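Participant: Start counting the sequence shown at 70; every next residue gets the next number (our numbering).
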Amino acid sequence: MFHLIKVLCRPDISNLGLKLSELSKKLLSLQQNVDDLASKHAYNPDEDSAAVECQLRSHLESFLETARSFNLIYTKEIRPWTHMMEVPQLHGFGPAANRLLEAYKLLLKVL
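1) Is it buried or exposed for Val76, if we count other Cβ within 10 angstroms and need 16 for buried?
2) Entirely within the segment 83-160 and at least 4 residues each: give me those alpha helix (DSSP H) ranges in chain order.
3) Do you know how far the Cα of Leu97 is from the Cα of Leu106?
4) Can you name, in chain order, every residue of its own chain whose Cβ lies under 7 Å from the Cβ of Asn167, other than the five neighbours on each side?
5) Given a cut-off of 9 Å, decide if Thr151 and Leu177 are closer than it, judged by their beta-carbon atoms.
6) Can you give the Cα-Cα distance for Ala111 and Ala120, rounded to whole angstroms?
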């Protein structure tokens, strides 16, 4: 039965070929648009990018501060709590219990 379902669900090769050619045309069109836009804006290596650099630095500093705060909270509160957790004992659920137990073990490794 599963073999029959797999055969029925397969898309037609000719449809896939048509979709591929359609997507290839779209990609070519997008590449041409990018080339056109790039030719309209000349690259200037001496262009002043101080404002963008300042904005990028502020975003990176904000991100690093958030990462430091998370790390502090994680090491002081979350990590000790997760290491005190006991792995649950599951009985009578069969394969679902094993999958849940493996997911729980993976969660303990991540935390």
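We treat Cβ as the ideally placed atom computed from N, Cα and C, and that holds for glycine.
Here the structure is a predicted model, which is why all the values come from computation and not from measurement.
Facilitator: So, from the listed chains and residues:
1) In the sequence shown, residue 76 corresponds to position 7, counting from 1. No answer about Val76 holds up, because its pLDDT of 46 lies below 50 and its placement is not dependable.
2) 119-142 and 148-153
3) Within the sequence shown, residue 106 is the residue found at index 37, counting from 1. Within the sequence shown, residue 97 is the residue found at index 28, counting from 1. When rounded, the distance between both Cα atoms is 14 Å.
4) Counting from one through the sequence shown, the residue named residue 167 turns up at place 98. No residues qualify anywhere along the chain.
5) One-based indexing of the sequence shown puts residue 177 at position 108. One-based indexing of the sequence shown puts residue 151 at position 82. A contact, by the Cβ cut-off of 9 Å.
6) For this step, residue 111 is matched to residue 42 along the sequence shown. For this step, residue 120 is matched to residue 51 along the sequence shown. Looking at the two C-alpha atoms, the distance is approximately 19 Å.
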